[in-house]
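Only one structure is covered here, and it is reproduced in the block below.
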C-alpha cells in the first residue's frame, strides 16, 4: 500500500476570474491528487518580478499517495485544464492559475524539472504568510526554520492583504456553507427537477411546494376570474405554513436546504391573477408573513422562453395546465424579473436555461452548477 505523504502547495492567480480559478484548482486537486486537509485564507498580493494585475494566493496541505514527479505531472495537467499558458520566453507572465509544490513531507528533491523545497520559498512573503496559516510549525528541511520564522525574516516588501474570499476542497463543502438555496422559475421551467438533482448530489434537505394538492388549482385554470382569490389565499396559507415548518427544522444528516420555490412567488402570482382591490388586501397579509420567513442565501431564477415553457407543459401532461396561455406565462415572468430588480440586496442569479437539457445532458447540468459555484464564490465567500 502506498505511503501517505503531506505535500504543501502554493496556488496563485492574476488573470480572469481569479477566485473561481483558485476554487476550480482545489476541486481538481481534491479529485486527482489526494485529500486537502487545510486551506489558508486567500491573500491579495502585488505581482512579483513583473508588472501586472495583483494576484490572489493561498496555500494548502494535501495528503497524497502520489510521489513527487507524479504529483507534479498531475499539477501540470490541472493547470493546463484551467487554461494556463506557458511562455517559451524568459520571465514571468500573468496566469489563470499557478500551482507550486513547496514541501513534500521533509523530503528533498533535486531534478531538472522539480526542486523541493521550492528554492524561492524563503523570499516570497505572498507564499510564506498563507503557508504559516496552514503549517506554522513545519520546519524547512534544509534551513531548519519553521514557517513563522521564515515570515519574520523575509525581506519581500511587496504588498499583501488578507481578503474575505473563502475556498473549499470540494463542491459538497462549498454547497454545505450556502445554508439555503431557492430555485425559482416560471411554470414548466424545471425548478423542481433541478432542486431534486442538487439535493441528491450535494446532500441537501429538499423543500418542495405542495401545489398538486390544492383543490382550487384545476378550477382556477378553467375559470381564473372566479377562483383567483381563493386560490391565491390558499396558496399563501399553505406555503407559509410549509415554508416556515420546513426551513426552521434542521436535518442533522443534511448539509443545507434547497427548495423549488420561495414564498415571494405568492405575491408574484397574486399580482398577475387578482383584481386591484383583492391584491391590495392580499399584499397587506403577505407583508406581515414575509417578515418572518427564512430568506435564501442564493435565489436562482431559471429563465426559459415562453415557447419552451409551453412545450415543457405539454410534455409533462398535467390536464389542468394544458389551457395555460402564453400571455399568462409572460406576465408571470415579468413579475419575477420585477421582484429580482426590486430586491438588489438579495443574491439573485438569473440563468437562461432555454437551450439546456440538464436532465439528459450532464454537461448542461454542469453548466448550471458551475454558474452557481462562481456566483457563490464571488458574492458570499
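Residue numbers (the UniProt record's numbering): 1 to 381. Quick reminder that beta carbons are idealized off the backbone N, C-alpha and C, glycines included. In this text, all values refer to a predicted model and were calculated from it rather than measured experimentally.
For residue i, the first and last residue of its enclosing beta strand (DSSP E)
i: residue 99; result: 98-104
i: residue 162; result: 160-162
i: residue 38; result: 35-39
i: residue 256; result: 256-259
i: residue 348; result: 348-352
i: residue 44; result: 43-45
Beta-carbon proximity check, residue i vs residue j, cutoff 9 Å
i: residue 46; j: residue 133; result: no
i: residue 43; j: residue 153; result: no
i: residue 156; j: residue 126; result: yes
i: residue 96; j: residue 15; result: yes
i: residue 373; j: residue 190; result: no
i: residue 247; j: residue 180; result: yes
i: residue 399; j: residue 128; result: Here the chain comprises residues numbered 1 to 381, so residue 399 is not present and cannot be evaluated.
i: residue 321; j: residue 198; result: no
i: residue 329; j: residue 302; result: no
i: residue 381; j: residue 166; result: yes
Exposed unless 16 or more other CB atoms sit within 10 angstroms - verdict on residue i
i: residue 168; result: buried
i: residue 142; result: exposed
i: residue 292; result: exposed
i: residue 343; result: exposed
i: residue 284; result: exposed
i: residue 281; result: exposed
i: residue 269; result: buried
i: residue 138; result: buried
i: residue 79; result: buried
Residue range of the alpha helix (DSSP H) that includes residue i
i: residue 26; result: 18-32
i: residue 133; result: 125-134
i: residue 313; result: 306-316
i: residue 75; result: 68-81
Whole-number beta carbon distance between residue j and residue i, since they are thought to touch under 8 Å
i: residue 267; j: residue 286; result: 5 Å
i: residue 92; j: residue 49; result: 5 Å
i: residue 35; j: residue 63; result: 5 Å
i: residue 192; j: residue 217; result: No, residue 192 and residue 217 are not in contact; Cβ-Cβ is about 15 Å, not under 8 Å.
i: residue 356; j: residue 298; result: Between residue 298 and residue 356 the Cβ distance is about 18 Å, and since that is not below 8 Å, they are no contact.
i: residue 259; j: residue 202; result: The Cβ separation is near 14 Å, so there is no contact.
Paired residues, beta bridge with residue i - DSSP
i: residue 6; result: 63
i: residue 184; result: 301
i: residue 195; result: According to DSSP, residue 195 bridges with nothing at all.
i: residue 323; result: Beta-bridge pairing links residue 323 to no other residue.
i: residue 139; result: 146
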